[in-house]
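**Student:** Chains as they are written, first to last, in the working numbering: chain R, 8 to 267; chain B, 55 to 393; chain U, 12 to 391.
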């Protein structure tokens with residue numbers, strides 16, 4: 008089986024803090040991590056490898072330092088890694104990004120499965136996965152909680168708000184993975200050493216077969232016209248009382264506001 | 055084909071099992087505002103099988119017209135037949151704007167459509183407006199993990215599309231008796247390899263009230279400490295007629311269910327009162343509840359970020375305060391009942 | 012001279028830190044309270060190859076360098092002293108000598124399962140009358156036909172009852188003393204005549220399984236002699252050179268963990284209307300602690316690199332252990348003080364770190380022994 012996993016290096020937005028005075032983001036010193044949904048997708052691919060035997064190829068689109076997530080993927084057990092990097096790809100919205108990544112995935116055809124994370128914790132759009140499947144002309148099953156292989160088909164447990172579907176899709180197809188679908192394995196120390204000794208294939212503009220007007224900023228139908236910090240609700244009252252007084256305080260406020 | 059040929063505000067009217075989802079009405083409410091600013095009308099696009107009976111309901115909440123695509127292929131949601139239908143609707147009817155609910159369906163359908171049509175899509179918008187000068191669609195959404203807000207536009211591609219989370223927009227008052235102008239459309243559905251097969255549909259048994267409907271939420275986080283300890287929150291909820299919700303940390307620890315999760319990857323709620331108990335107040339959580347009318351926070355850490363958004367912040371041990379509060383409320387209601 | 016870690020080692024540190032936070036830390040308090048050996052943690056460490064970080068790949072290890080290994084011990088000790096010592100005893104004190112002195116058959120039979128995580132190892136040198144004076148071995152090994160017969164006892168053995176494979180030192184020729192009279196043996200748990208005595212109740216590293224081993228006419232195959240007859244004392248000393256780097260890393264971790272914890276605490280804890288961190292006395296103490304931990308770290312890393320690049324590294328190892336252990340004791344004690352009343356409460360980890368730190372000044376060569384090694388070298 009050949010599985011292509013698309014991963015992204017993201018700032019750990021769970022650790023970003025707001026400057027209380029300026030109301031701006033403190034971006035410095037925020038560590039970069041492998042996007043959690045993508046890591047779950049990679050783990051799902053590795054489990055398929057353990058079970059059925061497969062070759063795992065990981066791709067990421069990003070600046071040169073994004074190679075760190077490729078090394079992490081290799082150290083977890085992926086077989087080959089590719090970095091799609093170039094100034095021409097920068098400034099892309101989800102459409103241009105997915106176009107670029109799809110072109111990279113095409114280079115690895117024939118493949119059986121493409122796995123992406125549902126969404127990245129910096130963009131939070133959940134758009135790139137389904138868009139890649141459209142560019143590749145294959146089926147996609149999003150919000151996967153479980154993946155099984157049955158011959159030429161994958162059987163996926165697809166999550167909805169109040170239910171799930173068991174879906175059968177013909178390979179090659181694309182699956183977007185939910186972060187909660189598994190607990191990703193750790194790397195091994197030896198795996199890390201090997202990962203840093205493995206050569207990562209770097210693909211730049213000449214390697215991506217897409218017209219100029221579909222890449223980067225030019226290829227992006229949407230653009231950000233303004234960005235601003237969230238206007239913080241003005242802080243309320245904070246009290247520190249003993250237990251009985253605290254309970255009384257809350258009851259009084261509920262009465263004051265006609266809640267009770 | 056010029057941009058001027060694209061007219062109208064279209065809403066994807068999501069239905070599941072023949073029942074319209076709440077977000078469809080919310081979108082129609084916002085679509086009315088947008089259509090007014092553009093001097094155009096609101097079209098609901100309804101996909102399903104044997105769902106014609108829902109059309110009038112859509113009219114009651116603001117649809118001037120309903121494009122109905124009714125076909126067995128659309129009975130239950132799968133990506134390809136739905137994407138194909140929307141793509142054909144867009145080709146034929148050329149909407150200027152197309153909005154979808156940011157649901158497990160919308161967040162799969164809309165991107166697939168955007169790539170097929172090759173247009174822009176903005177996800178999880180919290181604010182939608184028409185730019186007064188350019189008449190372009192301004193879509194505002196949280197970015198960078200919810201830490202900042204970004205306003206996005208799609209100047210040169212049509213339709214301008216966005217998804218909106220349930221609970222963010224407000225539906226307008228129902229116009230009882232309104233009848234829909236129905237336009238039936240069927241582009242034909244030919245099975246190909248992109249079609250997937252649904253083998254089984256398993257509905258989650260949920261006796262619990264949907265947290266999005268609750269007027270009062272008693273929400274717990276990492277500070278609650280265990281599944282057993284959520285009982286003290288349930289006790290408080292019981293006495294207030296409230297519902298228990300939680301942060302992601304509690305769900306990940308297995309103390310609460312996923313459908314109780316409030317936050318960026320959970321639900322957005324706007325209750326009248328939100329009790330944040332043992333919740334630190336990470337941005338991803340605030341994104342899901344900061345629009346609550348009254349926020350009451352109980353946390354032993356006085357520097358917890360939740361206190362920056364709470365109307366009333368109580369620094370203290372939730373294990374002592376919550377039961378004490380429950381007891382006080384029980385007494386209060388008992389006394390009131392006697393009056 | 013580059014003091015920065017390269018990317019691979021940085022990634023290894025991230026791996027060990029994540030593992031420590033998610034898998035080791037949650038158990039630390041409980042295993043200390045109940046004196047329970049964290050078998051489930053051992054299984055996880057085994058699964059990810061962390062019980063054989065510096066053992067070559069050909070024997071089932073991870074094939075990493077000593078630097079990677081000490082970083083692992085450091086990160087683990089930051090959250091749990093017990094887990095760090097059980098790891099280092101297994102890897103350096105048991106796998107180590109088999110790797111260095113064993114025959115190919117012994118490596119295949121014993122080292123491979125130890126490295127692959129199928130078995131746990133221990134090292135048995137100390138006796139009731141032979142601590143720092145290790146030469147005073149009274150456990151005897153006598154060759155009888157095809158078997159060695161062991162008689163005697165060992166005390167304070169880490170991984171005592173939990174291990175499967177033990178490196179046991181015994182006197183084979185009393186007349187020769189340390190110069191050819193002591194030999195090393197590989198003994199498997201369950202061998203008739205090999206039983207366990209007292210489980211020690213300790214001040215710290217209470218989750219570590221510390222037991223007395225008792226040998227009563229315990230017969231082991233002739234082939235279980237490790238290395239050459241009579242070279243046991245030399246092997247023990249060489250093994251302990253490596254071992255003390257491991258303990259130095261454990262001590263470093265304890266100091267660093269206590270320091271990190273205290274820095275976070277003083278920023279939050281308020282008295283007299285402001286955080287403790289704003290009091291210069293507190294700030295200056297932390298500055299001193301920080302500097303000392305960093306100095307210890309450099310000595311530990313230097314010793315690790317020396318182990319891989321030099322034939323003899325005893326002095327580097329001794330300095331690392333001496334400095335790190337004394338720093339650990341000082342820093343953890345100060346941490347408890349800076350925490351005030353809360354520092355004395357077991358729920359706040361610093362008191363456990365202080366109790367754990369003490370042993371690092373004693374085992375695998377007391378600080379006095381380290382001073383003997385260092386002064387012996389400089390005053391030659």
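Quick reminder that beta carbons are idealized off the backbone N, C-alpha and C, glycines included. Please read these numbers as outputs of a predicted model, since none were measured by experiment.
1) Residue 251 of chain B by DSSP, collapsed to three states: which one?
2) Between residue 350 of chain U and the rest of its own chain, which residues show a CB-CB distance below 7 Å, the 5 nearest in sequence each way excluded?
3) So, helix, strand or coil for residue 209 of chain R, using DSSP?
4) Is residue 138 of chain R near the ligand SAH, going by C-beta to nearest heavy atom under 7 Å?
5) Just the Cα atoms here: how many angstroms apart are residue 323 of chain B and residue 265 of chain U?
6) May I ask which residues mark the beginning and end of the beta strand (DSSP E) holding residue 98 of chain B?
7) Just to make sure I have the definition right: I need the residues of chain R whose C-beta is within less than 8 Å of the C-beta of residue 74 of chain U. Which are they?
8) Roughly how many angstroms lie between the CA atoms of residue 253 of chain R and residue 280 of chain U, to the nearest whole one?
9) When you compare only the Cα positions, how much space is there between residue 250 of chain R and residue 348 of chain B?
10) Can you tell me where the beta strand (DSSP E) holding residue 178 of chain B begins and where it ends?
11) Under 8 Å between the Cβ atoms of residue 215 of chain R and residue 107 of chain R?
12) For the region 220-301 of chain B, list the beta strand (DSSP E) runs that are entirely contained and at least 3 residues long, ordered along the chain.
13) If residue 55 of chain R sits next to residue 10 of chain R, beta carbons under 8 Å apart, how far is it from one beta carbon to the other, in whole angstroms?
14) Going by other Cβ atoms of all chains shown within 10 Å of its Cβ, with 16 needed for buried, is residue 224 of chain R buried or exposed?
15) Within a Cβ cutoff of 7 Å, which residues of the same chain sit near residue 136 of chain B, ignoring the five residues on either side of it in sequence?
16) Residue 64 of chain B and residue 151 of chain B look like a contact to me (Cβ under 8 Å); what is the Cβ gap, rounded to whole Å?
17) What residues of chain R sit near residue 60 of chain U, judged by a beta carbon separation below 7 Å?
18) Are the beta-carbon atoms of residue 105 of chain B and residue 121 of chain B separated by less than 8 Å?
19) Which of the three DSSP states is assigned to residue 342 of chain U in this structure?
20) Let's test the definition: count the other Cβ atoms within 10 Å of the Cβ of residue 214 of chain U and tell me whether it reaches 16, buried, or not, exposed.
21) Count the other CB atoms within 10 Å of the CB of residue 69 of chain U; is the residue buried (16 or more) or exposed (fewer)?
22) Alpha carbon to alpha carbon, how far is residue 298 of chain B from residue 268 of chain B?
23) Return the residue from the list U:217, U:346, U:32 and U:127 that minimises the CA-CA distance to residue 44 of chain U.
24) Would you call the CB atoms of residue 183 of chain U and residue 171 of chain U closer than 8 Å?
25) Might you give, ordered along the chain, the residues of its own chain that have their beta carbon closer than 6 Å to the beta carbon of residue 127 of chain R, omitting 5 neighbours on each side?
26) In the DSSP assignment, find the alpha helix (DSSP H) that holds residue 109 of chain B and state where it starts and stops.
27) For residue 233 of chain R and residue 191 of chain B, what's the separation of their Cα atoms in angstroms?
28) Is residue 75 of chain U helix, strand or coil by DSSP?
29) How many Å lie between residue 234 of chain B and residue 115 of chain B at the Cα?
30) Mind checking if residue 79 of chain R is an interface residue toward chain U, Cβ cutoff 8 Å exclusive?
31) When you check each C-beta in the region 267-286 of chain B against every C-beta of chain R, which residues fall closer than 8 Å?
32) DSSP puts residue 203 of chain B in a beta bridge; with which residues?
33) Only counting the same chain, and skipping five residues up and downstream in sequence, which positions put a Cβ closer than 6 Å to that of residue 132 of chain B?
34) Quick one: which unbroken alpha helix (DSSP H) runs of 4-plus residues sit fully inside the region 219-291 of chain U? Chain order, please.
35) Any beta-carbon of chain B closer than 8 Å to the one on residue 176 of chain R?
36) In this structure, does DSSP put residue 39 of chain R in helix, strand or coil?
**Tutor:** Put simply:
1) For the purposes of this step, residue 251 of chain B is identified with residue 197 of the second chain, where counting begins at 1. Residue 251 of chain B falls in the strand class under three-state DSSP.
2) For the purposes of this step, residue 350 of chain U is taken as residue 339 along the third chain, with counting starting at 1. Once the five neighbours on either side are set aside, the close Cβ partners of residue 350 of chain U are 273, 276, 359 and 361.
3) To locate residue 209 of chain R, count along the first chain from 1; it is residue 202. Of the three classes helix, strand and coil, the one that applies to residue 209 of chain R here is strand, per DSSP.
4) This structure does not include the ligand SAH; it has no bound ligands of any sort.
5) Along the second chain, one-based indexing puts residue 323 of chain B at 269. Along the third chain, one-based indexing puts residue 265 of chain U at 254. So the two alpha carbons sit approximately 44 Å from each other.
6) Translated into positions along the second chain, residue 98 of chain B becomes position 44. Looking at the DSSP string, the run of the beta strand (DSSP E) that includes residue 98 of chain B is 96-102.
7) Here residue 74 of chain U is taken as the residue at index 63 of the third chain, counted from 1. When 8 Å is used as the limit between beta carbons, residue 74 of chain U is near these residues of chain R: 197 and 200, in chain order.
8) Along the first chain, read from residue 1 onward, the residue named residue 253 of chain R stands at position 246. Along the third chain, read from residue 1 onward, the residue named residue 280 of chain U stands at position 269. When rounded, the distance between both Cα atoms is 22 Å.
9) Here the question's residue 250 of chain R lines up with position 243 in the first chain. Here the question's residue 348 of chain B lines up with position 294 in the second chain. Those two C-alpha atoms are separated by around 21 Å.
10) Counting from one through the second chain, the residue named residue 178 of chain B turns up at place 124. Start and end: 175-179.
11) Here residue 215 of chain R is taken as the residue at index 208 of the first chain, counted from 1. Here residue 107 of chain R is taken as the residue at index 100 of the first chain, counted from 1. Yes; because the gap between Cβ atoms is below 8 Å, this pair is in contact.
12) Within the region 220-301 of chain B, the complete beta strand (DSSP E) runs of at least 3 residues are 235-238, 251-257, 270-274 and 297-300.
13) Numbered from its first residue, the first chain carries residue 55 of chain R at position 48. Numbered from its first residue, the first chain carries residue 10 of chain R at position 3. The Cβ separation is near 6 Å, so the contact holds.
14) For the purposes of this step, residue 224 of chain R is identified with residue 217 of the first chain, where counting begins at 1. With fewer than 16 other Cβ atoms within 10 Å, it is exposed.
15) Looking up residue 136 of chain B in the second chain gives position 82. Around residue 136 of chain B, the same chain offers 101, 128 and 163 as residues with beta carbons nearer than 7 Å, after the five sequence neighbours per side are excluded.
16) Sequence index remark: in the second chain, residue 64 of chain B carries index 10 (1-based). Sequence index remark: in the second chain, residue 151 of chain B carries index 97 (1-based). About 7 Å separates the CB atoms of residue 64 of chain B and residue 151 of chain B; that is less than 8 Å, so the two are in contact.
17) As a first step, residue 60 of chain U is located in the third chain; it is residue number 49 there, counting from the start. Neighbourhood of residue 60 of chain U in chain R, by CB distance below 7 Å: 195, 196 and 197, in chain order.
18) As a first step, residue 105 of chain B is located in the second chain; it is residue number 51 there, counting from the start. As a first step, residue 121 of chain B is located in the second chain; it is residue number 67 there, counting from the start. Judged by their CB atoms, residue 105 of chain B and residue 121 of chain B are not nearer to each other than the 8 Å cut-off.
19) Stepping through the third chain from its first residue, residue 342 of chain U is reached at position 331. Residue 342 of chain U falls in the helix class under three-state DSSP.
20) Here the question's residue 214 of chain U lines up with position 203 in the third chain. Its Cβ having fewer than 16 others within 10 Å, residue 214 of chain U is exposed.
21) Indexing the third chain from 1 puts residue 69 of chain U at position 58. Per the 10 Å Cβ criterion, exposed.
22) The residue given as residue 298 of chain B occupies position 244 in the second chain. The residue given as residue 268 of chain B occupies position 214 in the second chain. Their backbone Cα atoms lie some 9 Å apart in a straight line.
23) On the third chain, position 33 is the one that residue 44 of chain U refers to. Of U:217, U:346, U:32 and U:127, the residue nearest in Cα terms is U:217.
24) Translated into positions along the third chain, residue 183 of chain U becomes position 172. Translated into positions along the third chain, residue 171 of chain U becomes position 160. Contact flag unset, no.
25) Position 120 of the first chain, counting from 1, holds the residue named residue 127 of chain R. If we look at residue 127 of chain R and ignore the five residues flanking it on each side, its Cβ neighbours are 15, 17 and 42.
26) By one-based count along the second chain, residue 109 of chain B stands at place 55. Here the alpha helix (DSSP H) through residue 109 of chain B covers 109-114.
27) What you label residue 233 of chain R is simply residue 226 of the first chain in a count that begins at 1. What you label residue 191 of chain B is simply residue 137 of the second chain in a count that begins at 1. Rounded to the nearest whole angstrom, the C-alpha separation of residue 233 of chain R and residue 191 of chain B is 13 Å.
28) Position 64 of the third chain, counted from the start, is the residue given in the question as residue 75 of chain U. Residue state, collapsed to three classes: coil.
29) As a first step, residue 234 of chain B must be located in the second chain, where it is residue number 180. As a first step, residue 115 of chain B must be located in the second chain, where it is residue number 61. Approximately 10 Å between the Cα atoms of the pair.
30) Position 72 of the first chain, counted from the first residue, corresponds to residue 79 of chain R. Interface residue, yes.
31) Result list: 270.
32) For this step, residue 203 of chain B is matched to residue 149 along the second chain. DSSP output for residue 203 of chain B lists R:235 and B:196 as bridge partner(s).
33) Your numbering for residue 132 of chain B matches position 78 in the second chain. These residues qualify, in order along the chain: 250.
34) The region 219-291 of chain U is shown to contain whole alpha helix (DSSP H) runs of 4 or more residues at 243-279, in chain order.
35) Here residue 176 of chain R corresponds to residue number 169 of the first chain, with the count starting at 1. Yes, because at least one Cβ of chain B sits closer than 8 Å to the Cβ of residue 176 of chain R.
36) Position 32 of the first chain, counted from the start, is the residue given in the question as residue 39 of chain R. Three-state result, residue 39 of chain R: strand.
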